[in-house]
Amino acid sequence: MGMFAALDVSQEETAICVVRQDGSQVAEAKVPTCPDAIADWLTARTEDLERVGMETGPLAVWLWNALTERQVPIVCMDARHASGVLKMMPNKTDRHDARGLAQIVRTGWFKAAQIKSHDAYVNRAMLTAREALVGMRVRLENEIRGLLKTFGVMFGKRVGGFKRRAEEIIEDELAVAPELVPIFEALVQARRDILARIAALDGRIRAVAKRHATVRLLMTAPGVGPITAMAVVAAFDDASRFRRSSSAGAYLGLTPRRYESGEISRNGRVSRRGDGFTRKCLFEAANAIFCRNLGCPRLRDWAKAIAERTGPRKAKVALAQKLVVTLHAMWRTNTPFREVVMA
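Residue numbers (our numbering): 19 to 361.
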C-alpha cells in the first residue's frame with residue numbers, strides 16, 4: 019500500500035505527517051527545516067512513498083529543488099487551495115496543518131504549483147532588486163520635497179531635473195539656515211548612490227536581454243523593453259505551460275472575475291492574481307502604446323475604441339491583456355511581432 023506525506027514548513031522547524039492510502043496515520047514528527055533532515059526522516063520511516071506535498075511559500079523553491087535532488091517525490095501545492103481545507107480544523111497547529119496537507123496529498127485534491135528554472139529566479143531577483151531601488155529613490159525624493167516645505171522652500175520643477183534643482187537649493191536657498199545643509203546633502207548623496215546602483219543593474223539587464231533569445235524576440239513587440247520582456251519570461255519560464263495563449267492573461271490576473279449563483283451571473287473587475295510586477299510592466303507597455311505612436315496603428319485604434327465605451331483605464335488593462343496573449347503566442351511559435359487586423 020502506497021504512502022503519502024506532507025510538510026508544514028516554517029523557518030526553524032518542519033512538521034511532517036505520513037498517511038496510508040486508506041487515510042490512516044503512520045507517523046508524524048517535527049524536524050529542523052533542512053533538506054537532509056527531512057529526507058533522512060522520510061527514508062527511515064517509509065518504504066513505498068508515492069508523493070510528498072508542501073505549500074507554496076518563501077522556502078518552497080529551495081526545499082523543492084533540494085529534496086528533488088535527494089530523490090524525494092515532492093510536489094508543491096497552491097497555498098490558496100490548501101488554506102480552504104485547513105480552515106475546517108478548529109485548532110491550528112503545525113501538526114494539524116501537516117495532517118490536513120497529508121490528506122490533501124493522499125486524495126490528490128490539489129493544484130500543483132510549478133517551480134521555475136534557476137535562471138528564471140535569478141532574472142526575477144534582478145528585476146525585484148531594481149524595483150526596490152527605484153522605490154527607495156522615489157521615497158528619498160519625496161522626503162526631500164516634504165522636508166524643504168517645512169522651511170518654506172518649494173522644490174518645484176526646473177530645467178535640468180532633480181539633481182540640478184537640489185544643488186541650487188543647497189547652494190542658495192539654504193544659505194540662511196546652514197545647519198540644514200548637511201542633512202539635505204546626506205539625502206541627495208544617498209539618492210545619487212541609489213541612482214548609480216540602478217544604472218549598474220540596468221546594464222546587467224541589458225546584457226542579459228542581449229544574450230537571451232526569447233527576451234530579444236519579445237522585445238520586437240511595441241512598447242516592450244528589456245525589463246518587461248524579462249519579467250514575462252521569468253513569470254512564465256516555459257511557454258508550453260499553457261495550451262492556449264489566452265490563458266496567459268488569466269495567469270497574470272488580467273481577466274475579469276466571474277460570479278454565478280442561481281439567477282445571479284456577472285463579471286467583476288480583473289482578478290489581479292499572479293505576478294503583480296509583471297502585470298505592472300504590461301500595463302506600462304500598454305500605456306505607452308495607447309499614448310504614443312509606436313508604429314502599431316491597429317492595436318492602438320482597437321484600444322481607443324474601447325476607451326470611448328468604457329474609459330481609458332479599462333482600455334489600457336484590456337490592451338495589457340491583449341499584449342500578454344500576443345507575447346505568449348510569439349514565444350510559443352518563435353515568431354516576431356506582426357500586426358494583424360484586430361477582431
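For glycine and all other residues, C-beta sits at the position ideal for the given N, C-alpha and C. Since this is a predicted model, take the numbers as computed values, not measurements.
Do Arg142 and Ala47 have their C-beta atoms within less than 8 Å of each other?
-> As a working mapping, residue 142 is identified with position 124 in the sequence shown. As a working mapping, residue 47 is identified with position 29 in the sequence shown. The answer is no: Cβ separation not under 8 Å.
Per DSSP, Glu87 is paired with what?
-> Counting from one through the sequence shown, the residue named residue 87 turns up at place 69. Paired residue(s): none; Glu87 is not in a bridge.
So is the beta-carbon of Ala225 under 7 Å away from any non-hydrogen atom of the ligand ADP?
-> Judged by which ligands are present, the structure shown has none, so any question about the ligand ADP falls away.
Can you say whether His136 is buried or exposed, counting buried as having 16 or more other CB atoms within 10 angstroms of its CB?
-> What you label residue 136 is simply residue 118 of the sequence shown in a count that begins at 1. With fewer than 16 Cβ atoms within 10 Å of its Cβ, His136 is classed as exposed.
When DSSP builds the beta bridges, which residues end up paired with Asp26?
-> Within the sequence shown, numbered from 1, the residue matching residue 26 stands at position 8. Bridge partners of Asp26: Ala33.
Mapping DSSP to helix, strand and coil, what is Cys52?
-> For the purposes of this step, residue 52 is identified with residue 34 of the sequence shown, where counting begins at 1. Coil.
Minimum C-alpha distance to Glu30 - residue among Ala55, Arg290 and Gly20 = The sequence position of residue 30 within the sequence shown is 12, counting from 1. The option with the nearest alpha carbon to Glu30 is Ala55.
At least 3 beta-carbon pairs within less than 8 Å: the region 255-263 vs the region 328-337 | no
Cβ separation of Ile133 and Trp82, assumed to be a contact under 8 Å, to the nearest whole Å = For the purposes of this step, residue 133 is taken as the residue at position 115 of the sequence shown. For the purposes of this step, residue 82 is taken as the residue at position 64 of the sequence shown. About 5 Å separates the two Cβ atoms, so the contact holds.
Residue closest to Thr353, alpha-carbon to alpha-carbon, out of Thr238, Val288, Met248 and Glu65 | On the sequence shown, position 335 is the one that residue 353 refers to. When each option's Cα is compared against that of Thr353, the closest is Thr238.
Taking Phe128 as the reference, give the member of Arg157, Glu87, Glu159 and Glu73 with the closest Cα.
-> As a first step, residue 128 is located in the sequence shown; it is residue number 110 there, counting from the start. Considering only alpha carbons, the answer is Glu73.
Would you mind listing the beta strand (DSSP E) stretches within the region 88-139 that are 3+ residues and don't spill past its ends, in chain order?
-> Within the region 88-139, the complete beta strand (DSSP E) runs of at least 3 residues are 92-95.
Which listed residue (Ala218, Asn311, Gly41 and Cys94) has its alpha carbon closest to that of Arg148 = The sequence position of residue 148 within the sequence shown is 130, counting from 1. Checking every option, the nearest Cα to that of Arg148 belongs to Ala218.
Give the straight-line distance between the Cα atoms of Met154 and Arg215, rounded to the nearest whole angstrom.
-> For this step, residue 154 is matched to residue 136 along the sequence shown. For this step, residue 215 is matched to residue 197 along the sequence shown. Straight-line Cα distance between these residues: approximately 11 Å.
State the Cα-Cα distance for the pair Cys309 and Leu235, rounded to the nearest angstrom.
-> Translated into the one-based positions of the sequence shown, residue 309 becomes position 291. Translated into the one-based positions of the sequence shown, residue 235 becomes position 217. Spanning the two alpha carbons is a distance of roughly 23 Å.
Cβ pair count under 8 Å reaching 3, the region 218-229 against the region 171-185 | Short answer: they don't touch.
Between which two residues does the alpha helix (DSSP H) carrying Glu326 extend?
-> Here the question's residue 326 lines up with position 308 in the sequence shown. That run of the alpha helix (DSSP H) goes Pro315 to Thr328.
Are the beta-carbon atoms of Cys299 and Ala249 separated by less than 8 Å?
-> Residue numbering aside, residue 299 sits at position 281 when the sequence shown is read from its first letter. Residue numbering aside, residue 249 sits at position 231 when the sequence shown is read from its first letter. Yes, these two residues count as a Cβ contact at 8 Å.
Fully enclosed by the region 144-214, which alpha helix (DSSP H) runs are 4 residues long or longer?
-> If only complete runs of 4 or more residues are kept, the region 144-214 shows the alpha helix (DSSP H) at 179-186, in order along the chain.
Cβ-Cβ distance between Leu119 and Gly71 below 8 Å = Translated into the one-based positions of the sequence shown, residue 119 becomes position 101. Translated into the one-based positions of the sequence shown, residue 71 becomes position 53. Yes, these two residues count as a Cβ contact at 8 Å.
Short Cβ contact (8 Å threshold) for Thr61 with Thr32 = Reading the sequence shown from its first residue, position 43 is the one you call residue 61. Reading the sequence shown from its first residue, position 14 is the one you call residue 32. No; because the gap between Cβ atoms is not below 8 Å, this pair is not in contact.
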